[in-house]
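Residue numbers (the numbering used here): 1019 to 1418.
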Amino acid sequence: MTTPETKSRGGEALPIAQHPNADLATEMTGFLTDFSAFQADIKSRLQQQEDRMTHLDRKTISRARPALSTAVEAEVPHQKAFNAYLRSGDDDALRGLELEGKALSSSIAADGGYLVDPQTSDTIRGVLKSTASLRAVANVVNVEATSFEVLVDHTEMGAGWASETGTQTETDTPQIERIQIPLHELSALPKASQRLLDDSAFDVEGWLATRIADKFATSEAAAFISGDGVDKPKGFLTHSTVLNTGWTWGNLGYVPTGSSGDFATGEAADSVVTLVYSLGAKYRANASFVMNSKTAGAVRKMKDADGRFLWSDGLAAGEPSRLMGYPVLLAEDMPDIDEDAFAIAFGDFRAGYTVAERPDLRILRDPFSAKPHVLFYATKRVGGDVSDFAAIKLLKFSAS
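What follows is the structure, given as structure tokens:
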């Protein structure tokens, strides 16, 4: 048995347990032991907390992935259902989507067919917007009704100076004009063979969107300029015209070139300058020229008194050419230069002409009328008319 260590004090040997510092040493040893245990416990708790957070993060990410995938694939059922209808006439999936209340609701044939899928509809809208049509510079609004009303205040409300004690004169009452733009049905009827539709490599949606957009763009562009308003939009050139010096509301004012069927000899640029300044200052800031390519070919040769061309090409791809600093829209449905022709228009068309349309586009598949081909009857509703007669001026190729 080991003898406890002793230390001498006053000649006597004392056990270490009875040493004066023994209690302090014991306490320190216990403290260090407890602290080490505490420290280990803290580390263990922190590790557990870190493991728990890592697990939650992984769980959150794993749960988030299906939601993200669902969001991305939300339109896939619509597109697949529409694709199946175009290729084979199977509309069960479209009717199922209608019952489930999906975004792509279907419509019975009596109502004009089925709404196209969003991707095809966006493609058609993009093509219509980018084509050389008055739509590019006009005011375009979406409506849910069968017509659209524009309220125009075409007179200035009177105002006057007044002193504190003087008699104030009653100001004039503004005149509000109500213009109603009815919507008309625009249709296209492209066709494809059933054998082509059965080919899985054939992009039926892309083909259909391109064909419909081309047909719609051609019909719209002509109607916005020269449509008679019967079952189609009313073009701005079909409204009555008067010499601009005698302009009144309800008519479009014009400026003559000074020569029948041509620009005035030696003063070709003068009539264009006069046309620009016949438009009110508040409209000129957003104004643009509208003419066809033949007219543009004649106008771009014009020079001012210092020999500088009035015409300048766009500085970057996609930018319009400019005449006297104003953008030029080349609309091929504008008339050629001829006797008494209104071959050039200038104005703020965003204020002066409104295009109203319903956002939905419908497709009806017809496999019977043109066998062995399949017809696709596409329809949309659109209207257009002048909404401010003061915002558009015309150049008439006449002596007076």
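The C-beta atom is built at its ideal place from N, Cα and C for all residues, glycine as well.
(request) Would you mind working out which of Thr1259, Ala1388, Leu1050 and Phe1254 sits nearest isoleucine 1243, comparing C-alpha positions? (result) Considering only alpha carbons, the answer is Phe1254.
(message) Can you list, in chain order, the residues of its chain with a C-beta nearer than 8 angstroms to that of histidine 1202? Leave out the 5 residues immediately preceding and following it.
(response) Answer for histidine 1202: Asp1249, Lys1250, Pro1251, Arg1399, Val1400 and Gly1401, listed in chain order.
(request) Assign glutamate 1375 to buried or exposed, taking buried as 16 or more other Cβ atoms, counted over all protein chains shown, within 10 Å of its Cβ. (result) So glutamate 1375 counts as buried.
(request) State the Cα-Cα distance for the pair isoleucine 1381 and serine 1311, rounded to the nearest angstrom. (result) The straight-line gap separating the alpha-carbon atoms of isoleucine 1381 and serine 1311 is approximately 34 angstroms.
(message) Tell me which residue opens and which closes the beta strand (DSSP E) that phenylalanine 1166 is part of.
(response) 1165-1171 is the span of the beta strand (DSSP E), which, as asked, contains phenylalanine 1166.
(request) Name the two residues that bound the continuous alpha helix (DSSP H) containing serine 1151. (result) For serine 1151, there is no enclosing alpha helix (DSSP H), as DSSP marks it with neither H nor E.
(request) Report the three-state DSSP secondary structure of glutamine 1198 (helix, strand or coil). (result) In the structure shown, glutamine 1198 falls within a strand segment according to DSSP collapsed to helix, strand and coil.
(message) Quick check: the Cα distance between aspartate 1216 and isoleucine 1142, rounded to an integer number of angstroms?
(response) Inter-residue distance for aspartate 1216 and isoleucine 1142 is about 23 angstroms (C-alpha atoms, whole angstroms).
(message) Rounded to whole angstroms, what is the Cα-Cα separation between valine 1161 and arginine 1153?
(response) Across the structure, valine 1161 and arginine 1153 are spaced so that their CA atoms are roughly 16 angstroms apart.
(message) lysine 1233 and alanine 968 - do their beta-carbons sit closer together than 8 angstroms?
(response) This structure does not reach residue 968, given that the chain is present from 1019 up to 1418, and the question cannot be answered.
(message) What does the Cβ neighbour count give for alanine 1163, buried or exposed, with the cut at 16 atoms within 10 Å?
(response) Classification of alanine 1163: exposed, given that the 10 Å Cβ count is below 16.
(request) Could you check if proline 1274 is buried or exposed, using at least 16 other CB atoms within 10 Å of its CB as the buried criterion? (result) Counting Cβ neighbours within 10 Å, proline 1274 comes out buried, since at least 16 surround it.
(message) Quick check on the DSSP output: the beta strand (DSSP E) that includes leucine 1347 runs from which residue to which?
(response) It spans 1344-1348 - the beta strand (DSSP E) in which leucine 1347 sits, taken as one unbroken run.
(message) Taking only three categories from DSSP, how would you classify leucine 1050?
(response) Helix at leucine 1050.
(request) Compute the beta-carbon to beta-carbon distance between tyrosine 1272 and threonine 1259, rounded to the nearest angstrom, for a pair I have assumed lies under 8 angstroms. (result) For tyrosine 1272 against threonine 1259, the beta-carbon gap comes to about 5 angstroms, under 8 angstroms, which counts as contact.
(request) Whole angstroms is fine: what's the gap from threonine 1347's alpha carbon to asparagine 1262's? (result) It should be pointed out that residue 1347 corresponds to leucine in this sequence rather than to threonine. Taken atom to atom, the span from the alpha-carbon of leucine 1347 to that of asparagine 1262 is near 23 angstroms.
(request) Confirm, please, whether the CB-CB distance from phenylalanine 1415 to alanine 1359 is below 8 angstroms. (result) Less than 8 angstroms separates the beta-carbon of alanine 1359 from that of phenylalanine 1415.
(request) For tyrosine 1132, count neighbouring C-beta atoms within 10 Å of its own C-beta (all shown protein chains included) and say buried if the count is 16 or more, exposed if not. (result) Buried.
(request) Under the assumption that valine 1222 contacts arginine 1105 (Cβ atoms under 8 angstroms), give the Cβ distance between them as a whole number of angstroms. (result) That pair is a contact at about 6 angstroms.
(request) Sort Gly1245, Pro1208, Leu1328 and Ser1218 by Cα distance to threonine 1228 and report the nearest one. (result) For the residues Gly1245, Pro1208, Leu1328 and Ser1218, the minimum Cα distance to threonine 1228 belongs to Pro1208.
(message) Please report the distance separating the alpha-carbon of threonine 1372 from that of aspartate 1140.
(response) Each residue's alpha carbon lies about 21 angstroms from the other.
(request) In angstroms with no decimal places, state the Cα-to-Cα distance between serine 1418 and serine 1277. (result) C-alpha of serine 1418 to C-alpha of serine 1277: approximately 8 angstroms in a straight line.
(message) In whole angstroms, give me the CA-to-CA distance for proline 1345 and serine 1306.
(response) The alpha-carbon atoms of proline 1345 and serine 1306 are separated by roughly 5 angstroms.
(request) Mind listing, in chain order, the continuous alpha helix (DSSP H) runs of no fewer than 4 residues lying wholly within the region 1202-1238? (result) Those alpha helix (DSSP H) runs which fall completely within the region 1202-1238 and span 4+ residues are 1212-1216.
(request) Please report how far the alpha carbon of leucine 1412 lies from the alpha carbon of proline 1390, in whole angstroms. (result) Between leucine 1412 and proline 1390, the C-alpha separation is close to 50 angstroms.
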